[in-house]
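Remarks on the structure that follows.
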Amino acid sequence: MATDCTLVAELRFLAAADRQRLIEALREAGYAVHGPRVQEGVIRYAPVERIEDLPRGWRDIQEPGRYRLRQTDENRLFAWAAPAASLKPLVFPPREILFHARRDADGRLRFEAADGAAPKLAVLGVRACDLAGLYLQDRHFLQGAHPDEAYRRRRRKLFLVAVHCAHPADTCFCAATGDGPVARYGFDLAISELEEGWLLEARSHAGQEILDALPTRAAGETQRKAAEAAFRQAAAAQRRRLPGGDLPARLGGRLDAELWQAVGRRCLACGNCTAVCPSCFCHAHVEETPLTGARTTRLRQWDSCFTAGHSLLHGRPVREDTASRYRQWLTHKLSGWHEQYGRSGCSGCGRCITWCPEGIDITAEAAAIAGEEA
Ligand code: SF4
Ligand code: SF4
Numbered sequence: 004m005a006t007d008c009t010l011v012a013e014l015r016f017l018a019a020a021d022r023q024r025l026i027e028a029l030r031e032a033g034y035a036v037h038g039p040r041v042q043e044g045v046i047r048y049a050p051v052e053r054i055e056d057l058p059r060g061w062r063d064i065q066e067p068g069r070y071r072l073r074q075t076d077e078n079r080l081f082a083w084a085a086p087a088a089s090l091k092p093l094v095f096p097p098r099e100i101l102f103h104a105r106r107d108a109d110g111r112l113r114f115e116a117a118d119g120a121a122p123k124l125a126v127l128g129v130r131a132c133d134l135a136g137l138y139l140q141d142r143h144f145l146q147g148a149h150p151d152e153a154y155r156r157r158r159r160k161l162f163l164v165a166v167h168c169a170h171p172a173d174t175c176f177c178a179a180t181g182d183g184p185v186a187r188y189g190f191d192l193a194i195s196e197l198e199e200g201w202l203l204e205a206r207s208h209a210g211q212e213i214l215d216a217l218p219t220r221a222a223g224e225t226q227r228k229a230a231e232a233a234f235r236q237a238a239a240a241q242r243r244r245l246p247g248g249d250l251p252a253r254l255g256g257r258l259d260a261e262l263w264q265a266v267g268r269r270c271l272a273c274g275n276c277t278a279v280c281p282s283c284f285c286h287a288h289v290e291e292t293p294l295t296g297a298r299t300t301r302l303r304q305w306d307s308c309f310t311a312g313h314s315l316l317h318g319r320p321v322r323e324d325t326a327s328r329y330r331q332w333l334t335h336k337l338s339g340w341h342e343q344y345g346r347s348g349c350s351g352c353g354r355c356i357t358w359c360p361e362g363i364d365i366t367a368e369a370a371a372i373a374g375e376e377a
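Per the numbering used here, residue 4 is the first one in the sequence shown, and the count goes up by one each step.
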């Protein structure tokens, strides 16, 4: 099925020379602004003040177990695929204090809530795969029986500037999951990047207010068509896909397949794949108490289905070997999530392939286990 890459909204054109105005408009509206930056050999979200902070001309090379950057003389700021980290750490920090507990002079337990301040934060350059990942984080943290207040505070303060993706990496397969390369939901403003500037579209009231503050003019039909052609090309360039048909049922019928043992022998159980995945939300609660015992701090920190501790039940792990932990990760993401959240847990960002030190490829493993050629 061909991926729909049409741009249906009204588009405004912002010339390349005026791109700094977007950062200024966001700051004037009270947002701290994060955007993609080249740091320590990767592109990742970090605070930005000037448009020059963004990765102008940088391209990425992502392959199984490999990430490299190279610079070109292009004028584009977003000519790369998924950054090293998704939005996840911004709404669900890797380690977060939940509360402190201490005994008062009368010996009674006193609880103090953690500082719940959440600043207004705008993020530039968010890809469609990461908006889908955020949707899944929202489903988990906000739409269950016990919504998470700390997550909600951060989430409400987010302003998201999406970038429709014209430069997929070798590891990307968002077109096959139906999540990209054009972002369809979950953003305030979206950018289609051309060499001469940006086509902008607003998708929320807050996004429209920022757009109205920028020196734009109506985009031309030629510009719209050029952007759509680039997105169609980006979709067509993606070679990876997940198996079709009723994948949850097919995986469910192969729980005893020998292939789980084969991938278990390659997997280092390092947890890189779960850390970089935009939708993985597993966490552990831990307590830290200083030697004086005066106060205990309860923390929530990222956990992974690849750790022994994550499957501890009555003092021992129920998933004792790496093969069973890999099976848990893959079947939960591609099968169980349909029941829990109404869709697959994978948005095709490809990070788990890029950042796996063994280059294990979720699309190839899923195809092999489901009994299909990759
Ligand atoms: S499972 Fe892999 S490809 Fe899918 S969303 Fe997570 S990190 Fe991205
Ligand atoms: S699949 Fe790769 S990234 Fe994930 S735990 Fe195994 S070795 Fe690490």
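We put the CB at the ideal spot given by N, CA and C, even for glycine.
Computed from a predicted model, the values in this text were never measured in an experiment.
A326 sits close to G267, with the two beta carbons spaced by under 8 Å. With respect to C349, P67 sits apart: the two C-beta atoms are not nearer than 8 Å. T277 is positioned such that its CB atom lies closer than 8 Å to that of S307. Of the heavy atoms belonging to ligand 2, none sits nearer than 7 Å to the Cβ of P67. Remark: the shortest separation between the CB of I365 and any heavy atom of ligand 1 falls under 7 Å.
Relative to ligand 2, N275 has its C-beta within less than 7 Å of a heavy atom.
Taken atom to atom, the span from the alpha-carbon of F162 to that of W83 is near 21 Å.
Assignment of alpha helix (DSSP H) within the region 315-357, counting only whole runs of 4 or more residues, yields 325-334, 340-344, 354-357 in chain order. CA-CA distance, G147 to L14, rounds to 36 Å. Relative to ligand 2, even the nearest heavy atom lies 7 Å or more away from the CB of Y70.
In this structure the region 241-248 touches the region 172-180; the number of beta carbon pairs closer than 8 Å is three or more. Taking the CA atoms as reference points, G60 sits about 12 Å from R40. For Q264, the enclosing alpha helix (DSSP H) starts and ends at 262-269. F284 has its CB no nearer than 7 Å to any heavy atom of ligand 2. Inclusion of L80 and L112 in the CB contact set at 8 Å is not warranted, their separation being larger than that value.
Within the same chain, and ignoring the five residues on either side of Q331 in sequence, the residues whose Cβ sits closer than 8 Å to its Cβ are C308, S314, R322. From the listed residues L217, H170, S207, A229, the smallest Cα separation to E199 is found for A229. Taking non-hydrogen atoms of ligand 2 into account, the C-beta of E361 is found less than 7 Å away from one of them. In this structure, I26 keeps its C-beta atom at 8 Å or more from the C-beta atom of P86. Here G210 is buried. Its C-beta has 16 or more other C-beta atoms within 10 Å. Under the rule that a run must span 3 or more residues, the beta strand (DSSP E) segments found entirely inside the region 144-228 read 161-166, 192-197, 200-205. For T299, the enclosing beta strand (DSSP E) begins and ends at 298-305.
With respect to the C-alpha of E52, the residue from E31, I64, R71, P122 having the closest C-alpha is E31.
When DSSP reads this structure, A49 sits in a beta bridge with G38.
Inclusion of K336 in the 7 Å shell around ligand 1 follows from its C-beta lying nearer than that to a non-hydrogen atom of the ligand. Going by DSSP, G256 is part of no beta strand (DSSP E) at all; its letter is neither H nor E.
Residue pairing for F16: DSSP places it in a beta bridge opposite L202, R220.
Under the three-state reduction of DSSP output, L57 falls in the coil class, being neither helix nor strand. A Cβ-Cβ contact shorter than 8 Å links W201 with R22. Leaving aside the five residues that flank R253 on each side, the residues in its chain whose CB is nearer than 6 Å to its CB run, in chain order, A373. Secondary structure at I363: coil, using DSSP grouped into helix, strand and coil. Note on geometry: alpha-carbon atoms of E342 and K336 lie some 11 Å from one another. Taking C-beta atoms as the reference points, H286 and R298 fail to come closer than 8 Å.
With fewer than 16 neighbouring CB atoms inside 10 Å of its own CB, P50 falls in the exposed class. Per DSSP, V94 lies in no beta strand (DSSP E) segment; the continuous alpha helix (DSSP H) that holds it begins and ends at 91-94. Counting the other Cβ atoms within 10 Å of the Cβ of D259 gives fewer than 16, which makes it exposed.
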